[in-house]
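Report on the structure given below.
Residue numbers (our numbering): 150 to 267.
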């Protein structure tokens with residue numbers, strides 16, 4: 150099973166403060182900074198994807214409660230079918246008709262794992 154690129158999605162309290170901290174560690178913004186599709190402007194959903202060499206982090210303010218292990222495979226639907234055939238329970242499933250395909254599951258300790266196809 151090819152899981153693709155790995156990143157850690159961090160739930161942050163203040164995107165500006167977190168971005169300031171991580172840029173001092175040498176991270177650069179590579180994506181984000183606009184209202185997330187599906188949310189109203191008043192929701193002020195803020196996010197950035199940052200990178201330092203081979204390390205990618207997603208900083209997300211107000212989008213979810215816990216940190217998430219994130220993988221970006223090329224074929225989420227195949228991985229979903231494979232995981233289900235192995236008896237794993239998915240928290241969130243996707244369908245062939247969705248443009249932005251993503252699935253979510255949790256490990257035995259409750260750590261969330263997202264497979265997000267770009």
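Just so you know, even glycine gets a beta-carbon here, dropped at the ideal spot from N, CA and C. The structure displayed is predicted, hence computed values, not measured ones.
Segment limits, alpha helix (DSSP H) that includes residue i
| i | result |
| --- | --- |
| residue 213 | Looking at the DSSP string, residue 213 is not in any alpha helix (DSSP H), and its letter there is neither H nor E. |
| residue 230 | 225-234 |
Start and end residues, beta strand (DSSP E) containing residue i
| i | result |
| --- | --- |
| residue 170 | Per DSSP, residue 170 belongs to no beta strand (DSSP E); it is in the alpha helix (DSSP H), 164-173. |
| residue 156 | 154-161 |
| residue 238 | Premise fails: residue 238 is in no beta strand (DSSP E) and is neither H nor E. |
| residue 220 | 217-221 |
Any non-hydrogen atom of the ligand NAD closer than 8 Å to residue i Cβ
| i | result |
| --- | --- |
| residue 239 | For the structure depicted, the ligand NAD is absent and the ligand set is empty, with no information on it obtainable. |
Nearest-angstrom Cβ-Cβ length linking residue i and residue j, presumed shorter than 8 Å
| i | j | result |
| --- | --- | --- |
| residue 221 | residue 266 | 7 Å |
| residue 121 | residue 174 | Not covered by the structure: residue 121. The range shown for the chain is 150 to 267. |
| residue 206 | residue 157 | 6 Å |
Classification of residue i by the beta-carbon crowding that lies within 10 angstroms, buried from 16 upward
| i | result |
| --- | --- |
| residue 263 | buried |
| residue 132 | Look at the range of the chain in this structure, 150 to 267, and you will see that residue 132 is not part of it. |
| residue 192 | Any reading at residue 192 must be qualified, since the residue scores a pLDDT of 48, below 50, and its modelled position is unreliable; no value is offered. |
Residue i and residue j closer than 9 Å at C-beta
| i | j | result |
| --- | --- | --- |
| residue 164 | residue 196 | yes |
Bridge-paired residues (DSSP) for residue i
| i | result |
| --- | --- |
| residue 204 | 201 |
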